[in-house]
Structures are given as structure tokens and as C-alpha cells.
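A.B. asks: If you're matching positions, the sequence shown starts at 173 in this note's numbering and goes up one per residue. Just so it is clear, CB atoms sit at the ideal spot from N, CA and C, and this is done for glycine as well. Bear in mind that the values here come from a model prediction, so they are computed numbers and not experimental data. The following block contains the structure, expressed as C-alpha cells.
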Amino acid sequence: MVAGEASADLHGAYLVKAVKRLCPGVDFRGIGGSHMAEAGVEILVPSSSMAVVGLTEAANRFHSIVKAARIMKSAMKRLHPDLLILIDYPEFNLYLARIAKGLRIPVLYYISPQVWAWRRGRTKKIARRVDRMAVILPFEESFYRKRGLNVDYVGHPLLDEAASDLPFPSTGAGRVEHPVIGLLPGSREDEIRKILPVMIQAAEILKAHYPDIRCTLPLARTIERGFVETFVRRASVAVDIREKDVHGALRECHVAMVTSGTVTLDTAIMGVPMVVLYKVAPFSYWLGKKLVKVPYISLVNLIAGEKVVTELIQDEATAERLAEEALLLLQDEANRRAMTTRLMKIRDLLGKGGASQRTAAIAIEMMTQTGRCLNGQDSSGSRR
173 MVAGEASADL
183 HGAYLVKAVK
193 RLCPGVDFRG
203 IGGSHMAEAG
213 VEILVPSSSM
223 AVVGLTEAAN
233 RFHSIVKAAR
243 IMKSAMKRLH
253 PDLLILIDYP
263 EFNLYLARIA
273 KGLRIPVLYY
283 ISPQVWAWRR
293 GRTKKIARRV
303 DRMAVILPFE
313 ESFYRKRGLN
323 VDYVGHPLLD
333 EAASDLPFPS
343 TGAGRVEHPV
353 IGLLPGSRED
363 EIRKILPVMI
373 QAAEILKAHY
383 PDIRCTLPLA
393 RTIERGFVET
403 FVRRASVAVD
413 IREKDVHGAL
423 RECHVAMVTS
433 GTVTLDTAIM
443 GVPMVVLYKV
453 APFSYWLGKK
463 LVKVPYISLV
473 NLIAGEKVVT
483 ELIQDEATAE
493 RLAEEALLLL
503 QDEANRRAMT
513 TRLMKIRDLL
523 GKGGASQRTA
533 AIAIEMMTQT
543 GRCLNGQDSS
553 GSRR
């Protein structure tokens, strides 16, 4: 299993647990983080060494990524696993899929590369190298099926991961007098360096309107607390750093400032009104504008098919603009309530949960076809 990002590590861990419930004898090895390790995966390469945003940032991690590819290639040749499960992280994972194809190792791609957004020609490469896809966004199934791929829509794993925390949102109701602002700057150091200072400055601007404003910052597992504290300790607003509690932290928020990525969906399913920021190195942004073919950058707006949340992109991602948009949400109850209602509709579009279980069933079906995972036994009857 390969999960090169923080969100993929969490999704991968839930999938591992679901597979083990159905087929306890399965062993997992690969690339991941603390969630997958706790689920019982033998980590060959930590995903924290590979997390990047944009091409410029990827170049800085080039040697780590090449080393990880060599380790995984060697492991596949040595172990010849019954199944390779790839989670997002497209360029690296499609390279591994090519290696697996040459070794006749079945490949399941869980959480699709966003080829519908840019470089659609990659679907041909996916069709050649991937045996089956389990996609998590409602429009992806028809996109891939039209292009001849073996694909299943399984729903979004965030609904499984947040199930015990899902509220009936109340953030839109009533006047806000003592606001709690969520700061969600991402799961990679590069993006946090660009985004978190902007968020803190915006909160400091809001303090002029709300002197007792309070911020909560759910810390990604890939990030050391001390790294974030270097930014927070200089802030003139109170910032509560929360570890391993993103959904619990979001339950307390009236409004959230969120970096573009999976965490926008975390925020959406909790029904918290938000403003989305996106900021990368200038060259990465310039190239992205040339290649990306979608009208929005946030998953929330893409799934809705319309603007639900404001996106502040690159030069617009300033503290002043962010504070302005957040203030509109805090001061306008009707606007806040309307956004919460629309976010709940997006939550409904993501399905009813069970993505991990459905994907586990697909994985086991694929392993069974190789003669493995017969109620936790191999084809000879020996316990694995």
C-alpha cells in the first residue's frame, strides 16, 4: 500500500482495518504515516518524507522520492505481493503501477488521480497499468467508465472517519459574539509556511471587531507541534493547537480559514462555513494555470458544481481579503446559515459512508482471484 500524503495515510489506515476485519491474515507493507503504522502496516518509507505541493516544492524532495521508488521497487520484486493498493499521489504511484504490471501484481487504485482536472491523457496510462479503481467523488465513476476503465464509486472515506463526530450544524444559527475561528493551514510544512502567517494576521485583523476572538488549529499528524508553535507564539490572538482532533475542533468553530485540499471536505461535512486559500510558489502557480482545466480549486465547489465557498487564490490570498470574507460570514447570520445548508447538501452528495468497507471488499475479491485471502488463509489452507 502506498499513501504519500497525510490524508491518504488516514484513508489507508481505515482501509487496512476494514480488510483485516474480513481477512485477518493479510499483511500490509508500504509507504504511509502514523495512522497506517498503528493499523498494522510495516512502514518501508514514511510518507512525511514525500509530502509536496506544486512542482517547485516537489523538486526540493526529488532525492527522497527517488529513494522511496527504489525501495518500493525492490520490495515488490522481493515479496511479490498479492495486491498493490495505490492511494492518490499520481506520478509516483503510476510509476509503481508500471513496475507492478511487469511483475504481474494486480493493482487497485483507491482515490483517483485528479485527471479530470488536468492532463486527461493520463487516463490511457491508468488503463494500461491499473486493474481496478475505487473512486470517492460522485462524478468520477462516469468519467472513468466512459474511458473504458474498470471503476467503482465507493463513497468518501471521510464520512467513515468523522461518523462519530457528525453534527447537525448549529454554526449558522444566532448572532456570533464570541467567535471561534478554525485555522487549517494544511499538512505539509511548505504550505504551512505560506498559509499560516496569513491566517494568523487575518485573525488579528478580526480582533478589532471581536476583542475576545479565539482560534483553534487542528494539527496534522505529519507536522511537529514545535514547527507550528514558531508561528503561533508571535500571534496577538489566542490560538489553541489541537492534536489528533480535527473534527472535534471543527465542531467548536463558527467560521474556518482552510487551505485548499481534502481538509475542505472535512470542514464541509462538519457544516462549518469557510473561506478557502490556495498559495504555492509562483512557477507552480503559473504552470498550473496553463494545465488545470476546472473552474474551481476547492473540492467543495467542484463537487457542488458551483461556487459555495469563496476561494482566495495566490495574490488574492492576503490577510486583508481573508479577514474581509471571514467577517462577512461572522456578521451575516443569513449568509452563514445559507452556506451551512449548502455544505450539508455536499455532505449528502458524498454518500452514506462505508467507503472503506466497500473498497476492502474489492481488494479481497482481487486477492481471492490470485488464490489468496480465503477467510484469512492462502490457497493451500495455510494461515498467512
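By the three-class DSSP mapping on this structure, what secondary structure does Tyr316 have?
C.D. replies: helix
A.B. asks: What's the gap between the Cα of Val435 and the Cα of Ala180?
C.D. replies: 12 Å
A.B. asks: In the structure shown, what three-state DSSP assignment does Ser551 receive?
C.D. replies: At Ser551, the pLDDT of 38 sits below 50, so the modelled position is not reliable and the matter cannot be decided from this model.
A.B. asks: Given 8 Å as the limit, is there contact between the region 488 to 501 and the region 360 to 376, that is, 3 or more CB pairs closer than that?
C.D. replies: Yes, they touch.
A.B. asks: Going by DSSP, what residues sit across from Pro415 in a beta bridge?
C.D. replies: A quick correction: the sequence has Glu, not Pro, at residue 415. The partner list for Glu415 (beta bridge, DSSP) reads Leu391.
A.B. asks: Residues in its own chain within less than 8 Å of Ile517 by CB, not counting five upstream and five downstream?
C.D. replies: The question names Ile, but residue 517 in the sequence shown is Lys. Correct list, in chain order: Ala476.
A.B. asks: From the DSSP secondary-structure annotation, give me the bridge partner or partners of Tyr325.
C.D. replies: Val307
A.B. asks: Alpha carbon to alpha carbon, how far is Arg555 from Ser206?
C.D. replies: Residue confidence is low: Arg555 scores 37 on pLDDT, short of 50, so the model does not pin down where it sits. Its coordinate-derived value is still stated next. Roughly 27 Å separates the two Cα atoms.
A.B. asks: Consult DSSP for Val475 and reduce its assignment to one of helix, strand or coil.
C.D. replies: Rather than Val, the amino acid found at residue 475 in this sequence is Ile. Helix at Ile475.
A.B. asks: Using a Cβ-Cβ cutoff of less than 8 Å, which residues in the same chain neighbour Ile203 once the five nearest sequence positions on both sides are dropped?
C.D. replies: Met173, Val174, Ala175, Gly176, Ile215, Leu216, Val217, Pro218, Ser219, Met222, Ala240 and Met244
A.B. asks: Under the DSSP definition of a beta bridge, which residues are partnered with Leu356?
C.D. replies: Val430
A.B. asks: Cutting at 8 Å between CB atoms, please list the residues of its own chain near Pro310, excluding the five before and the five after it.
C.D. replies: Tyr325, Ile475, Leu521, Leu522 and Gly523
A.B. asks: Under 8 Å by Cβ, that's how I've got Tyr282 and Leu187 pegged, so tell me the actual separation to the nearest angstrom.
C.D. replies: 7 Å
A.B. asks: What is the rounded straight-line gap between the Cα of Pro570 and the Cα of Pro196?
C.D. replies: Any question about residue 570 goes unanswered here, given that the chain covers just 173 to 556.
A.B. asks: How is the beta strand (DSSP E) around Ile203 delimited, first residue to last?
C.D. replies: Arg201 to Gly204
A.B. asks: Inspect the beta-carbon positions of His426 and Leu501 and report whether they are closer than 9 Å.
C.D. replies: yes
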